[in-house]
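One structure is given below, encoded as structure tokens.
Residue numbers (our numbering): 27 to 374.
What follows is the structure in structure tokens.
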């Protein structure tokens, strides 16, 4: 199968969760022997228009990342690639709209992978894009709801979650220094305070905790732990390589997810695959609750006091270094969902 990825910006322009998701899918397809071409604005040096890396052929549609110029030149670029299916992204929406127009002219199905609504994008163009795509994939039901609000037919929207390397989960060692862990970028949405306040209510109990991640709010969060007089029991570990994170998750009993905004709670998914019991604070702008609803090893909370109560309540649950139910979130299994979406549109 020949798949053309349409994304104005590639990871070479700077990593974001959305671009990493697109790259992971493109790499996975290439590793399976599919022909993968990524149409984007040029991010590599020199004046050549084609660049290949890890089985992906990057083709420059424009030298500068101008959405309008990119969309104008996209139909010709797609005609030259002659793909079986087009995999576009939702932001910025203008290139995606260009892909749907080109797809209509050439009768090539277009899948739009919709990570989230970006505040700088025009809602009107989102409405057109949501209705024009042959299929929309989203990382969560929360995002699916927003795409349907833009006018997409619910039957055309599929949830394809983020994924983990389950082989790594199985092969990694165990770091059992901590009883509880919080892991995420420490930005204004992190809301680590709920985690710390909950722990502070349990000063009389024996526990240790870790905060994994870095970001602009780290210093303030560390000060909060000090103010709560629990800084001697909370270790701020900063960013850790993936294997070290997995080892820590495998040895820790409880993971807390309290962020106020989360398109997909990727670190929570890794922790769940590593056997952690999850305490998730429900937030309107976070999809984290979707990973634990209906699961025995997951609890929804709405306050630090509830988090503290549940931390005690789940203490009797078995400690597990692996949760095999989450093998369905392995990179390969999730890639299968994209391939099924493509083949479904091709009538295969």
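For each residue, glycine too, the CB sits at the ideal point set by N, CA and C.
Check	Outcome
Test: residue 321 CB closer than 9 angstroms to a CB of chain B	This model lacks chain B altogether; it includes just one protein chain.
Endpoints, the alpha helix (DSSP H) within which residue 8 is located	Since the first residue shown for the chain is 27 and the last is 374, residue 8 is missing from the structure and cannot be characterised.
Nearest residue (CA-CA) to residue 372, options 111, 246, 74 and 104	111
Option nearest residue 276 by Cα separation, candidates 239, 201, 121 and 246	201
Spatially closest choice to residue 319 from 337, 295 and 45, by CA coordinates	295
Residue 33 classed as buried or exposed, judged by whether at least 16 other C-beta atoms fall within 10 angstroms	buried
Cβ-Cβ distance between residue 134 and residue 104 below 9 angstroms	yes
Which of helix, strand or coil DSSP assigns to residue 173	helix
Residue 64 classed as buried or exposed, judged by whether at least 16 other C-beta atoms fall within 10 angstroms	buried
Beta-carbon proximity of residue 281 to residue 208, cut-off 9 angstroms	yes
The beta strand (DSSP E) enclosing residue 120, as first and last residue numbers	That residue, residue 120, is in no beta strand (DSSP E); its alpha helix (DSSP H) goes 119 to 132.
Whole runs of the alpha helix (DSSP H) within the segment 283 to 358, excluding any shorter than 4 residues	292 to 299 and 330 to 339
Residue 73 beta carbon near the ligand PLP (any heavy atom closer than 8 angstroms)	Absence of the ligand PLP from the depicted structure is noted, as is the absence of any ligand whatsoever, leaving it without description.
Cα-Cα separation between residue 122 and residue 339, rounded to whole angstroms	48 angstroms
Closest Cα partner of residue 212 within the set 268, 188 and 248	248
Three-pair Cβ contact test at 8 angstroms for the segment 149 to 167 versus the segment 278 to 293	yes
Per DSSP, the bridge partner or partners of residue 114	32 and 138
Where residue 242 falls, given that 16 or more other Cβ within 10 Å makes a residue buried	exposed
Residue 223 - DSSP class collapsed to helix/strand/coil	helix
Helix, strand or coil at residue 204 [DSSP, three-state]	coil
Short Cβ contact (9 angstroms threshold) for residue 240 with residue 224	no
For residue 260 and residue 238, believed in contact at Cβ under 8 angstroms, the rounded distance	Their Cβ separation, rounded to whole angstroms, is 11 angstroms, which puts residue 238 and residue 260 out of contact at 8 angstroms.
Residue 235 - containing beta strand (DSSP E), residue span	235 to 238
Secondary structure of residue 86, DSSP reduced to three states	strand
Residue 95 (DSSP reduced to helix, strand or coil)	helix
Residue 173 burial status per 10 Å Cβ neighbour count (16 or more: buried)	buried
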